[in-house]
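Student: Structure provided below as C-alpha cells; questions to follow.
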Amino acid sequence: MLIHVQDKMQSDYAYELTEPMGENFSPLFKPELTPKQMLELGVFEGHYLNDCQNEFPKDWFINAKLSLEKPDVNCNCFKVKSRQSLCEWQRKHWIIGPDVRGWFQWYCRYYLGRRIPFIDTVQIKRWCAFYRHEAQLKKNCGLADFDCRPRQRQALLQWAYNPFI
C-alpha cells in the first residue's frame, strides 16, 4: 500500500507500507504505547499532527487530546511543557530523513508499516537511549507518585514509554 503525504510541512512525499500495522518491529524496539494511546493520553501540547491527520488512521484521533489553534500544555497528560521547538530539533540534527516532524512522526509511520532500514536503526537507537529517563523515575520517585518529575514523565510518554511507573 502506498501512502501519499500532503500537509503543511511536506508535499509530494509518498511511502510504501511493507509490514502489517503494529507488527514485525525490530527486536530492539519494544514501545509500551501505540501512537493512538499516546494521542489519547496527551502529547506534544495537542498540536503535533493536526494538519496531517489524513495520513493516519481516523480512529487514532477519535479520543485524542488536540489543540487546533496553538500548542496547549493542558492537552499534555501531565500538564507541563516537555518539548523543544522544531528549530531546536533541526539545530541538534534530530530531524532524520523524510520525517520532518521528528521522532513521533517516524514512529507513527513505522507503526503503520513503513520501513527504511538506516533511518529505523538511527531512530530505534535514539529510543533505546531514552530509557535512562525511566530508570531515573524508578530511582527518584515513589511507586505511583505521578506528581514526581512530571516533565520527565511527559517526555517518556512522548517516546512511547509508560510514564505511569
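My numbering applies: residue 206 is where the sequence shown begins, and numbers increase by one. Glycine included, each C-beta is placed from N, C-alpha and C at the ideal position.
Using the Cα positions of residue 227 and residue 305, report the straight-line distance between them to the nearest angstrom.
Tutor: Take the alpha-carbon of residue 227 and the one of residue 305: they are about 22 Å apart.
Student: Here's the rule: buried if 16 or more other CB atoms are within 10 angstroms of the residue's CB, otherwise exposed. What is residue 368?
Tutor: buried
Student: In chain order, what residues of the same chain have a beta carbon less than 7 Å from the beta carbon of residue 307, not counting five sequence neighbours either side?
Tutor: 294, 299, 300
Student: Using the DSSP secondary-structure output, state which residues sit across from residue 372 in a beta bridge.
Tutor: Outside the displayed span of the chain (206 to 370) sits residue 372, for which this structure offers no information.
Student: Name the one or two DSSP bridge partners that residue 210 has.
Tutor: 218
Student: Kindly indicate which residue of 273, 230, 262 has the alpha-carbon position closest to the one of residue 242.
Tutor: Closest option to residue 242, Cα to Cα, is 262.
Student: Under 8 Å by Cβ, that's how I've got residue 357 and residue 338 pegged, so tell me the actual separation to the nearest angstrom.
Tutor: 5 Å
Student: Can you list, in chain order, the residues of its chain with a C-beta nearer than 7 Å to that of residue 316? Leave out the 5 residues immediately preceding and following it.
Tutor: 226, 227, 239, 240
Student: Pick out whichever of 366, 354, 346 has its Cα sitting closest to the Cα of residue 331.
Tutor: The alpha carbon of residue 331 has as its nearest neighbour, out of 366, 354, 346, the alpha carbon of 366.
Student: Given this structure, state the Cα-to-Cα distance separating residue 276 from residue 347, to the nearest angstrom.
Tutor: 30 Å
Student: Can you tell which of 219, 264, 326 has its C-alpha closest to the C-alpha of residue 231?
Tutor: 326
Student: Can you list, in chain order, the residues of its chain with a C-beta nearer than 7 Å to that of residue 320? Leave out the 5 residues immediately preceding and following it.
Tutor: 223, 224
Student: Leaving out five residues on either side along the sequence, give the residues of the same chain with a beta carbon under 7 Å from the beta carbon of residue 209.
Tutor: 219
Student: Please tell me whether residue 286 and residue 278 are closer than 8 Å, where the distance is taken between their beta carbons.
Tutor: yes
Student: In the DSSP assignment, the alpha helix (DSSP H) including residue 344 goes from what residue to what residue?
Tutor: 336 to 345
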